[in-house]
Structures are given as C-alpha cells and as structure tokens.
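Each remark here refers to the structure printed beneath this line.
There are 2 protein chains.
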Amino acid sequence: MNLKYIDGSVTAPLGFKASGVNARIKYDKKDVAIIYSEAPATAAGVFTTNKVKAAPVVLSMEHLADGLAQAVVVNSGYANACTGADGMAIAREMAAATAEGLSIKPDDVIVASTGVIGQQIPMDRLVPGITQAIGELGVDGGDVAAEAIMTTDTIPKKAAVQFQLAGKTMTIGGIAKGSGMINPNMATMLSFVTSDASIAPAMLKKALKYAADRSFNMVTVDGDTSTNDSLVILANGLAGNLRIETEDENFTAFRNALLELCVILAKMIARDGEGATKFIEIKVRQAASFKDGQKVAMAIANSNLVKTAIFGEDANWGRIICAVGYSGVNIDPGKVDIYLGDEKVAAAGSGLSFSEDRTREILQDKEVNITINLHLGDVDVTAWTCDFSYDYVKINADYRT
Amino acid sequence: MNLKYIDGSVTAPLGFKASGVNARIKYDKKDVAIIYSEAPATAAGVFTTNKVKAAPVVLSMEHLADGLAQAVVVNSGYANACTGADGMAIAREMAAATAEGLSIKPDDVIVASTGVIGQQIPMDRLVPGITQAIGELGVDGGDVAAEAIMTTDTIPKKAAVQFQLAGKTMTIGGIAKGSGMINPNMATMLSFVTSDASIAPAMLKKALKYAADRSFNMVTVDGDTSTNDSLVILANGLAGNLRIETEDENFTAFRNALLELCVILAKMIARDGEGATKFIEIKVRQAASFKDGQKVAMAIANSNLVKTAIFGEDANWGRIICAVGYSGVNIDPGKVDIYLGDEKVAAAGSGLSFSEDRTREILQDKEVNITINLHLGDVDVTAWTCDFSYDYVKINADYRT
C-alpha cells in the first residue's frame, strides 16, 4: 500500500476545522472540542455495547441514522450517563447550540461526553464554551481538540495518513482519548476520524466496523466497557475521488488506510493506559478464526495476573496459558506454544527450560511482545494492552473526588 | 433449618482423620495434606472449567468416575499444570504412594496440587512427605491440613456444621484455600469437604453442584480462572442415617447444610483475597433468573474500577451501573436501583443526591454491602469479593520468583 504517515490529525484532510477551549466545566483544562466539516459529510459510528448507554451515545446513534453529519461536539469532565431525561435534554441542547453557531441542522451534529457518570453537565458553563469553540475553529485546531477530549490521559492522541487513489491524494486523520475503563466489543473510548475521501454511507460504515474490530476493539486497559465509548468518522469528499460505492479495490485501499490509522490511535491508548509502565503486544498465531484469536488475545490482555507479572518483570508464562485456557475458545492445550519476545518458554502446552537471563532482559524492556501459537488454523490476531502497576490502583482509588 | 455451627473442619464428621506436614517441597511451611476416611465413602467433585487442566485435576476426575473415594492427598508449592506426560505420571505416583501407605486402591485417592504452573514437583521430597503425613493422621488433624494447602493465603480456612436428620446427627466439615487466581464457573481453588452422612453418589454430586454454584462460584478475587480448581466431597455414611437415594426432604436438608458450609468457606476466601483491605458483599435483587443475577453480581465483583473505588472509599456508583450494563444480561437501565449499604444512591437508572457523609461512613467500614435491584423478576443472588489495593499488585508482581 502506498501509505504515508503525515503530521496532523482531524484537520489534516481538506475542508476540516477544529478547536478546543477551556470552559471550566469541571477541571482547569481544555474541556470542549468541536470538529467541523465545511462540506456536508457522509458519517458512520461504532458505539459501546454496554446496555447502559450515555445520553450523547443514544443521541449520536439517532443522528447517524441517515449516514450524514457535519460537526462533532465533545466535552470532558462529565459523561452524561445515568442522568435520566434531563441528561438527554442536555445532549440535545449541546447539538442545538453547536448547530446554531455553525448554521447547520442539529441532527448533523454528533455529540460525545466523557468523565464522571451520574452527574449533570453544568450547561451555564458548557454553552458559552461551545460558542467560544466555534469562534476559534481553525485548520490547525486538531491538536487543541485532541487535548480538550482528554481526562486521565497523560498525552494527547492524534495521527494522520495519506494515500493515493486513482491519481487523487486522500487523507485520513484522527484523534482519540482513553486510558481507563477500556475493553473490547466497542469502539474503545472516544475517537473521531475525518477524511476528504468521497464514499457512500454504507461503505463507510462497513470500513469503520472492519477497522474498529481490528484496532480499538483489540485494546484493553482494565476490562471495563464504558457507557460512553464512541468512534465516529466523517468523510466529506473534498479530495475529489470518484465516490466509493461498492467493495472494489478503492474501497479496500480506503479501508486498509483507515485500519492503519485506527491501529496507530489504539496503540497510543494502550501505551497511555492508567499507571502503565510497559506497552504489551499480544500476537495470537494460527487461530481457527478471527473471533477465536480475538478471544484468546483479549483474555491474556485482560488478565490481572499476567499484567502484574509483566509489571514485576516475572516470566510467569503459566498465567498466560491459564488465560488461554479460560478464554472460552476450544483450544487444544497440548498444542500451545508460548514466546516471550523471541524466547520460547513453552511448547506443546508444557514448560521449556528457557534462559531466565534472556527473559529478564526481554521483560525489562518498555515494550513486551507475547506470542501464542495455537496451531489450530491460519488466522493471526494482535491485541494491545499495558502492564498493571501500583499507579493504576492509585489513579482509580480516588478518581471521582 | 436446625443447623448448628461447630468447631472443627474435615475431621469433625465421624471416621475422618487428617494431617499436614512440611516436606519442604518449595517453601518452609506445611505443604502436604492428607484426608482419610476409615470407611469407603461416596464422593463427588466440581473442577475448573479451564481448558488447561492440571494433571491432578484430570486424574481426580478419572478417580471420581465411580462415585467412590477414601482419601485426598494435596501438595502446595507446585500446581503440576502444563507439565506434560511427566506431570501426569507424578500425579499417579502421588495417588499410588498414598494408596500404598493407607492400604487402599489408588483410584480411591483424590489428588490436588496448587502453586506455580509449569514446573515439576520434586518427588524425592514429596513422597517422604506423603509417608510422614500418613504416619501423623489424626482425628484432630483438620487444622494442620488446612494450613498445609495454603499458598498466598494469610489465614487457614475451615468450618463445620451439624444438623439433625430423622433422629441422627449429621456433620459436614471442610477446609479451603485460595486468595488469588479466583473466578467463577468452577469450584474456586481448592476445597475439601467431608461428611458422615450416608448418601448415594448421584445425590451427592447433585447437592455439591447446587452448593458450588451458590458459594465458590460466586466468589472472585481477580477474575482469573485457575487450572487447578477442585472442590471434592467425601461422605462415609458413619452417621447411620437411612441412605439418601432421592431428592426427598432429607436430600434438601443435606444440600442446604452443605450450601451453608460452602458459603462460609467461600466468604473466607474473599475476605482473604490477595491484598484485600475490605470484604465486599454484592446482592442482586429481582433478577429474571439465577444465571442473570449471577452474571450481574460477578460483573460487578470482577470490575477493577469498582474494586479500586471501594479501596479508595469513593462512592463512585457509576462504575457499578457500568458493570451492570456490560454484564451481558438483558437489563433495563431505566429500572436499576443501587444502594451502598443502606444508602440509596441511584433510582431507576439515574443518580440521586445522596449524603456523601453517610456513604463515606459506609465505605470506611471493613465490610461493604452493595445492593442492585434490577426489577425484572424474583430471583436474588449474592456474590462476594474484596477490594483491589496496592498490595494485590505487589503480591502478584513477583509471586513466581
């Protein structure tokens, strides 16, 4: 693929502006972000599978029903989840205020919130924040938007890629946030992606689902699926390509570029996991199916025992095979090989006498690779997570207060 | 029920002896336990659902196929899991050595191991330990047996109950170990139960499954299902009751007494969870089914975010409803009520303005009760866990080395 990484984020594609301002909703940091497309855009979203969905999630699903959107408004500080009818009214008010300031329709505005559950957003601070953010929209606003959506994140997450499609240059850019309450089966936490590609809503939705399953849905920090997770893409067509209408080679090129971007953002989330001291990549080889490989990889990625062992730089591979065994996949324990980095520690389900010096060296690194070969099929799946440290407990023992 | 708690454990029922000795298999502590019934006993077991089953689990399932057993041999230090054909031979050798010393058949010996995965048990130390343990068998040996099966446990776990059945006194006693790698869908970690009741194998199996589902399977410490979990019961009939052959009122009395004993032991495991500073009881009210209630209760009990919040004494009920939402149960978010202790913090899925002073007081206690009313049916289910502290991370960061 002719893919090129470029600087920038949601404002890298043609026709997008963004901003981020401090409305002092809860914290003394930037807390309101807006992303705006000058042209109407096709749009798609993937949202949390949690039965308890925040008001902005319910509203955004409604607004995406027609496959069109033109702006995204996000606040950090309050999740607007478990907030009843008042919370739903607040989400609608966020869309209405944004639409009015941009002279677009409210149902072309996507709304997202992140923060504490169960408390109402103070609208006397948020509405002026939206007005200010609209006033500050700019083609270099991607970076401040990435900052404004952060909560416990320690670094803003942003990326952009470019590729050629039938002689035209396509750009896809994105921002993301999230470092706790992160688990699969959803578009992990918040991520907003923009593109100047021209693509039909149904194709955009299909590409986004494909990319989400292999990127954000393969990241976990603590195994908790949030009430607010949202991944939304807007594609405004300003790159001038022939509109992608079917699953042809142009679709595949777009989908693969989108996947690449989502993987970059997803890995940034794992790297910035709450209290993380190490980034962990888990590769499952030769699974019978994608679903099986995903289950095995995520069982390992979610195991507190594996993650504390990696934090302690302890080559306790027994905890890895234990997680493989309870993953719910019909594995054959007698076939499982396990590697820490390039050191094979178990073969055919039994321990090998490996070099403790070598594994210590591997585990002392800030990036740890774990490979499991199931020898059951030909599907390879990768997941990303982080280790589990004292600081995870510290961060989460008094987040709310 | 005419149930009475009595002192003692596996040696409380008539005809049982036990012992625990230090064979220095790995640690300088008691590490070999034997439980022996003078009379042949009906027996049943519930074992880990992990696809990766330790050699002693595979062997014990084999030995229980005829519903009979007369002795249990247990070692701590090594799990004998992922140890290949050699590990299987070692498990058989443990049964053979025990059978020989007791002059019973090897397939009437149940074998269990707990400790590190993937390393072979040094038999030159274990076999003399078994011989010594047989020599020390006694009717007051339940306490030392409870000590010998411990690994990271900080207190031995033991209990006994007595009840009347058609004019006869029945006794059930048990020991248990486990404080990490604990999660449902199995007979959590190791527990051995004895009784002098006379009961047919099929009825014993049914009673044990019923009790396990409502006790050990409702306890979690860290969400990891071990390769070695085993719950085994031996009932030798020496109490002289008319043998329980059908699901009559005597069966129900026995089953309920067994459940009571298993709940006591299961709660001891949660209370002694690795690094625990608080014991947490989670009551799910008005679930549509037992399975639904179990899923909701265990989702909360396994949530790192809920458990770190309780450690931090933070009334962050949003994390509780979040876990309810991702439990996989078809709940109605608009019906969910949540209580911390006796303080109602959310009603019909939305936050209430509760007293922070009162919830702080409740959370400062060493025992925290969480109640969730789903308003969907008439089944109540209870789960037990502990909070998640710095010490959990510390204990598990360097367990192996």
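Protein chains in written order, with our numbering: chain A, 83 to 483; chain B, 83 to 483. In this text, a Cβ means the ideal position worked out from N, Cα and C, and glycines have one as well.
| Query | Result |
| --- | --- |
| Verify whether the separation of the beta carbon atoms of B/V378 and B/A397 is less than 9 angstroms. | no |
| Should B/Y109 be labelled buried (16 or more other beta-carbon atoms within 10 Å of its own) or exposed? | exposed |
| Could you name the residues of chain B that A/I199 contacts, counting a contact when the two beta carbons are closer than 9 angstroms? | N398, W399, G400, R401, I403, C404, G433 |
| Applying a beta-carbon distance threshold of less than 9 angstroms, which residues of chain A neighbour B/I486? | No statement about residue 486 of chain B is possible, as the shown extent of chain B runs from 83 to 483 and does not include it. |
| Name, going along the chain, the residues of the segment 237-254 of chain B whose beta-carbon falls closer than 9 angstroms to a beta-carbon of chain A. | none |
| For the beta strand (DSSP E) that B/C344 lies in, which residues bound it at each end? | Where B/C344 is concerned, there is no enclosing beta strand (DSSP E), although the alpha helix (DSSP H) it sits in stretches over 331-353. |
| Starting from the beta carbon of B/Y160, find every residue of chain A whose beta carbon is closer than 7 angstroms, and list them in chain order. | Those within 7 angstroms of B/Y160 in chain A number zero; the least Cβ separation is about 10 angstroms. |
| When burial is assigned at 16 or more other CB atoms within 10 Å of the CB, is B/G433 buried or exposed? | buried |
| Give the interface partners of B/I413 over in chain A, defined as CB-CB distance under 7 angstroms, in chain order. | K133 |
| Alpha carbon to alpha carbon, how far is A/F298 from B/E449? Give it in angstroms, no decimals. | 37 angstroms |
| Out of curiosity, what's the CA-to-CA distance linking A/I402 and A/V388? | 6 angstroms |
| Along chain B, which residues have their Cβ under 8 angstroms away from the Cβ of A/V475? | T390, F393, F470, S471, Y472, Y474, V475 |
| Using DSSP with H/G/I as helix, E/B as strand and the rest coil, what is B/Q244? | strand |
| So, are the CB atoms of A/V156 and A/V193 less than 9 angstroms apart? | yes |
| Using a Cβ-Cβ cut-off of 6 angstroms (strictly less than) and excluding sequence neighbours within five positions of B/V275, which residues of its own chain qualify? | G256, I315 |
| Please classify A/F129: does DSSP put it in a helix, a strand, or coil? | strand |
| Within 9 angstroms (strictly less), CB to CB, does B/T453 reach chain A? | no |
| Measure the CB-CB distance between A/G407 and B/V191 and report whether it falls below 9 angstroms. | no |
| Are B/M271 and B/A465 touching if we call contact CB-CB under 9 angstroms? | no |
| Quick check: is the beta carbon of B/V301 nearer than 9 angstroms to any beta carbon in chain A? | no |
| Tell me whether A/D206 is buried or exposed, calling it buried when 16 or more other Cβ atoms sit within 10 Å of its Cβ. | exposed |
| With 9 angstroms as the threshold, decide whether the Cβ of A/Y408 is near any Cβ in chain B. | yes |
| Would you call B/M268 buried or exposed, if buried means 16 or more other Cβ atoms sit within 10 Å of its Cβ? | Here B/M268 scores only 33 on pLDDT, less than 50, and its place in the model should not be relied on; the value that follows carries that caveat. B/M268 is buried by the Cβ-count criterion. |
| Bridge partners for B/S119 per DSSP, in chain order? | B/F98 |
| Going by the CB atoms, is the gap between B/T453 and B/N310 shorter than 9 angstroms? | no |
| Take B/A115 and list the residues in its own chain whose beta-carbon comes closer than 6 angstroms to its own, dropping the five residues that flank it on each side. | G102, V156, A227, A230, I231 |
| Are the segment 341-348 of chain A and the segment 125-145 of chain A touching by the rule of at least three beta carbon pairs closer than 8 angstroms? | no |
| Taking its Cβ as the centre, do 16 or more other Cβ atoms sit within 10 Å of B/P266, making it buried, or is it exposed? | Here the model assigns B/P266 a pLDDT of 36, short of 50, so the residue's position is not dependable, and the following value carries that caveat. B/P266 comes out buried. |
| Identify which residue in B/N84, B/E356, B/I364 has its Cα closest to the Cα of A/N386. | B/E356 |
| Tell me whether B/Q446 is buried or exposed, calling it buried when 16 or more other Cβ atoms sit within 10 Å of its Cβ. | exposed |
| What whole-angstrom Cβ distance do B/T441 and B/A352 have, given they're in contact under 8 angstroms? | The Cβ separation is near 22 angstroms, so there is no contact. |
| In three-state DSSP terms, what is B/S471? | coil |
| Are any of the Cβ atoms in chain B nearer than 9 angstroms to that of A/T233? | no |
| When the cut-off is 9 angstroms and only beta carbons count, does A/N104 lie next to chain B? | no |
| Along chain A, which residues have their Cβ under 9 angstroms away from the Cβ of B/T124? | By Cβ distance, chain A contributes nothing, its closest Cβ being about 30 angstroms from B/T124, past 9 angstroms. |
| Under a three-way DSSP split, which group does A/T234 fall into? | coil |
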